[in-house]
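Visitor: Please find one structure pasted underneath; my questions will follow.
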Amino acid sequence: MTQSRLPGLPRRRALALAMAATLAGGAVLAESGAVLKDTPLRSEPLGSASEVAQLKARETVEITARQGAWAGVKTSAGAEGWARILNLRTASAAAATAAGLQLASVFATGSSGRSVSTGVKGLSAEQLIGASPDSRQVALLDGFAVSTGDASSFAAQAPLSAQRVNYLAEERGSRRRNR
Numbered sequence: 005m006t007q008s009r010l011p012g013l014p015r016r017r018a019l020a021l022a023m024a025a026t027l028a029g030g031a032v033l034a035e036s037g038a039v040l041k042d043t044p045l046r047s048e049p050l051g052s053a054s055e056v057a058q059l060k061a062r063e064t065v066e067i068t069a070r071q072g073a074w075a076g077v078k079t080s081a082g083a084e085g086w087a088r089i090l091n092l093r094t095a096s097a098a099a100a101t102a103a104g105l106q107l108a109s110v111f112a113t114g115s116s117g118r119s120v121s122t123g124v125k126g127l128s129a130e131q132l133i134g135a136s137p138d139s140r141q142v143a144l145l146d147g148f149a150v151s152t153g154d155a156s157s158f159a160a161q162a163p164l165s166a167q168r169v170n171y172l173a174e175e176r177g178s179r180r181r182n183r
């Protein structure tokens, strides 16, 4: 077996240790960011959690943790709490956008400048690249499917009748209405 430069450790084990150290080191490092709009700083990563402080737009914060759609932040005044990631812009995202790396800004902030994709909030590029489907969960979902015949017989047992619904006319331009 090929040995690593560390005496007594096989290459795979040394690689695993190096990867673990890299991941642990990344968790310790904080990232700076800026608040995009006035937003509450909450005590927990929940919308119903108590408000610790109010963050002002363009205020600089230190991002210390991420949990789903929330980021743990620390202000220059020393206040600590949780803010929605949608209301923050990381320094790395600003640098990527300034460098013309629009795709990188999608992973860093969830925004390409034209649309917001909240589905990837809280996920790193590495997590997205390494993602794989869970075939057991897909099989479980397939188990809930019913045949057309079963669905029709179920509908016939209830006082249901077929209704014809015309498609809505699609507006030109944006598919989203102004609110």
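Add 4 to a position in the sequence shown, counting from 1, and you land on the number used in this note's numbering. Glycine residues also receive a C-beta, built at the ideal position from the N, C-alpha and C atoms. Keep in mind it's a predicted model, so treat the numbers as computed, not measured.
My output table needs one value for Q167: the three-state DSSP class, helix, strand or coil.
Guide: Three-state result, Q167: coil.
Visitor: Identify every residue that forms a DSSP beta bridge with K60.
Guide: In the DSSP output, where bridge partners are listed per residue, K60 has none listed.
Visitor: Could you name the residues of the same chain whose beta carbon sits closer than 7 Å to that of T68, not counting the 5 residues immediately before and after it, in chain order?
Guide: A34, G76, V77, K78
Visitor: Could you give the C-beta distance for A38 and R93, rounded to a whole number, given that I count them as a contact under 8 Å?
Guide: At roughly 5 Å, the Cβ-Cβ gap stays under 8 Å, so A38 and R93 are in contact.
Visitor: Given 7 Å as the limit, tell me if S80 has its C-beta closer than that to any heavy atom belonging to the ligand SAH.
Guide: Of ligands this structure carries none, so the ligand SAH is not represented either.
Visitor: Pull up the distance between the alpha-carbon of S156 and that of D138, whole angstroms please.
Guide: Looking at the two C-alpha atoms, the distance is approximately 31 Å.
Visitor: Specify the secondary structure class of G82 as computed by DSSP and reduced to three states.
Guide: coil
Visitor: Just how far apart, CA to CA, sit A83 and S165?
Guide: 59 Å
Visitor: Rounded to the nearest angstrom, what separates A81 and G51 at their Cα positions?
Guide: Near 23 Å, if we compare the C-alpha coordinates of G51 and A81.
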